[in-house]
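Below is one structure, written out as structure tokens; comments come after it.
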Amino acid sequence: MPRPSLPLLFKVATAAVTGGAALLAFRRLNRDEAVVSLRREIRDALHLLRPVAGGAAATPPAVLVAGIRAHGKSSFVNTACRALACEAGPLILRAETAPPGPGSATVARRVVRAVVAGGQGAEEEEEEAMVELVDAPALPEAGRLTRADVEAALGGVGGGIGAAPAVECVVLVLRCGGPAKERNLAVRKLPEIASAIRERGLHLVIVLTHRKAIKSLKEAEDVRREVAFRARTDCVYFMENYISSNTLNIRHPRALRNEFETHFTVLTIIRQCIEFVKLYRSHSSQKTDTMK
Ligand SMILES: Nc1nc2c(ncn2[C@@H]2O[C@H](COP(=O)(O)OP(=O)(O)O)[C@@H](O)[C@H]2O)c(=O)[nH]1
Ligand SMILES: [Mg+2]
Numbered sequence: 004m005p006r007p008s009l010p011l012l013f014k015v016a017t018a019a020v021t022g023g024a025a026l027l028a029f030r031r032l033n034r035d036e037a038v039v040s041l042r043r044e045i046r047d048a049l050h051l052l053r054p055v056a057g058g059a060a061a062t063p064p065a066v067l068v069a070g071i072r073a074h075g076k077s078s079f080v081n082t083a084c085r086a087l088a089c090e091a092g093p094l095i096l097r098a099e100t101a102p103p104g105p106g107s108a109t110v111a112r113r114v115v116r117a118v119v120a121g122g123q124g125a126e127e128e129e130e131e132a133m134v135e136l137v138d139a140p141a142l143p144e145a146g147r148l149t150r151a152d153v154e155a156a157l158g159g160v161g162g163g164i165g166a167a168p169a170v171e172c173v174v175l176v177l178r179c180g181g182p183a184k185e186r187n188l189a190v191r192k193l194p195e196i197a198s199a200i201r202e203r204g205l206h207l208v209i210v211l212t213h214r215k216a217i218k219s220l221k222e223a224e225d226v227r228r229e230v231a232f233r234a235r236t237d238c239v240y241f242m243e244n245y246i247s248s249n250t251l252n253i254r255h256p257r258a259l260r261n262e263f264e265t266h267f268t269v270l271t272i273i274r275q276c277i278e279f280v281k282l283y284r285s286h287s288s289q290k291t292d293t294m295k
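Going by this note's numbering, 135 is the number at position 132 of the sequence shown; the sequence numbering is gapless.
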């Protein structure tokens, strides 16, 4: 049998490389489009959100980001801000984070306004859309955590100049990496935490950070099932936050690469929160109507 000539082999190899590159470019385009359309959906949902009972039309939804110290609450806030604002380049911290160890960077309740970037090439002047993320001081360690701590974290009714807004939805941040004993202890507290949140008429979303620490699909499914069962919710997401140590460079801050998984997950979580806020507002206004 005659051996294929070298130019033919070269042509086949070039065609294979070009085909592979085209497939990769197509996949990247599809992913970019998915993120852009999710962000557009968030903007539309925010514009359609009904006002707080008796409030101004433009009140942004207030989402409490709660959880135990060093589980990634502030990092979640920073990740959400980056994805909503469609930022590239170095990671900008809106909420201060601290490396693992004693002491937390978040000592006071802080409201971070996450602005949603406008549509690409949108000609007309669009109203600004934003979500208020409340970065709360940490809940005590799982072993000492009580229902009263959760109730205190949810705060009062809000209002007043400079006061944190009243919470309308809760994102509960839980680290899925790290010592399994610590995680199991926190997971066992979930029924108590979830019921304190629900008693306030609030919905909750659970975010399992440090996703890359989960080694197998089976482990992920086991953790997800356990968390969903204990907290009685299917709103459970795995996420790898953007963190500043990934941009460490001895000469200058390095640009952080945006990841499709992180962007898409955090935007999905925010979209879900807006839906829960919508439910919460319509329920509160029904209650106000029946009391009249
Ligand atoms: N690898 C990894 N590190 C994370 C993640 N989220 C947070 N961290 C790191 O965990 C530490 C504590 O995070 P921080 O957001 O300050 O926790 P907080 O106390 O709950 O607000 C910081 O060093 C972060 O860089 C994550 O998803 N993956
Ligand atoms: Mg913090």
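Beta carbons are placed, not taken as given, at the ideal position from N, Cα and C, and that holds for glycine.
- Item | Cβ-Cβ distance between residue 217 and residue 175 below 8 Å | For the pair residue 217 and residue 175, the CB atoms are not nearer than the 8 Å cut-off.
- Can you tell me the Cα-Cα spacing of residue 164 and residue 139, whole angstroms? Below a pLDDT of 50, predicted positions are generally treated as unreliable, and residue 164, at 46, falls in that range; no measurement from the model is reported.
- Does the separation of the CB atoms of residue 136 and residue 142 fall below 8 Å? By the CB criterion at 8 Å, residue 136 and residue 142 fall outside the cutoff.
- Which of helix, strand or coil does DSSP assign to residue 135? Judged by DSSP in its simplified three-state form, residue 135 adopts strand.
- Query: Using 8 Å as the threshold, is the region 267–282 in touch with the region 77–94, meaning 3 or more CB pairs across them?
  - Reply: As far as the Cβ criterion goes, the region 267–282 touches the region 77–94, which means the pair count is three or higher.
- Neighbour-count burial assignment, residue 68, 16 or more Cβ in a 10 Å radius: Buried is the label assigned to residue 68, since at least 16 other Cβ atoms lie within 10 Å of its Cβ.
- Cβ-heavy atom distance, residue 98 to ligand 2, below 7 Å: Yes, since a heavy atom of ligand 2 falls inside the 7 Å radius drawn around the Cβ of residue 98.
- Task: Taking 8 Å as the threshold, find out whether the region 215–234 comes into contact with the region 179–196 through three or more Cβ pairs.
- Result: The region 215–234, when compared against the region 179–196, does touch it at the 8 Å Cβ threshold.
- Message: Please report the distance separating the alpha-carbon of residue 284 from that of residue 46.
- Response: Cα-Cα distance, rounded: 18 Å.
- Where DSSP assigns a beta bridge to residue 212, which residues make up the other side? 178.
- Message: Could you tell me the alpha carbon to alpha carbon distance between residue 74 and residue 240, rounded to whole angstroms?
- Response: Residue 74 and residue 240: Cα-Cα distance of roughly 14 Å.
- Message: For residue 97, report the span of its beta strand (DSSP E) as first-last.
- Response: For residue 97, there is no enclosing beta strand (DSSP E), as DSSP gives it neither H nor E.
- Query: For the region 87–96 against the region 184–201, are there 3 or more C-beta pairs whose distance is under 8 Å?
  - Reply: Counting Cβ pairs under 8 Å, fewer than three are found: no touch.
- Message: Starting from residue 157, trace the alpha helix (DSSP H) in both directions and tell me its first and last residue.
- Response: Looking at the DSSP string, the run of the alpha helix (DSSP H) that includes residue 157 is 150–157.
- Under the criterion of a Cβ to heavy atom distance below 7 Å, does residue 121 qualify as lining ligand 1? Incorrect: residue 121 has no Cβ contact closer than 7 Å to ligand 1.
- Item | beta strand (DSSP E) segment containing residue 117, residue limits | Element bounds for residue 117: 113–119.
- Item | Buried versus exposed, by CB contacts within 10 Å (16 or more), residue 63 | Here residue 63 is buried. Its C-beta has 16 or more other C-beta atoms within 10 Å.
- Check whether residue 94 and residue 251 have beta carbons under 8 Å apart: With contacts defined as CB atoms closer than 8 Å, residue 94 and residue 251 fail to qualify as a contacting pair.
- Taking buried to mean at least 16 other C-beta atoms within 10 Å of its own C-beta, is residue 23 buried or exposed? In summary, residue 23 is exposed, with fewer than 16 beta-carbon neighbours lying within 10 Å of its beta-carbon over all protein chains present.
- Task: Indicate, with yes or no, if ligand 1 has a heavy atom lying under 7 Å from the CB of residue 244.
- Result: Taken from the Cβ of residue 244, at least one heavy atom of ligand 1 lies inside 7 Å.
- In whole angstroms, what separates the C-alpha of residue 168 from that of residue 18? Each residue's alpha carbon lies about 58 Å from the other.
- Helix, strand or coil: how does DSSP classify residue 75 here? Residue 75 falls in the coil class under three-state DSSP.
- Task: Could you tell me whether any non-hydrogen atom of ligand 2 is closer than 7 Å to the CB of residue 76?
- Result: It does: the Cβ of residue 76 is within 7 Å (strictly closer) of some heavy atom of ligand 2.
- Segment limits, beta strand (DSSP E) that includes residue 66: For residue 66, the enclosing beta strand (DSSP E) covers residues 65–70.
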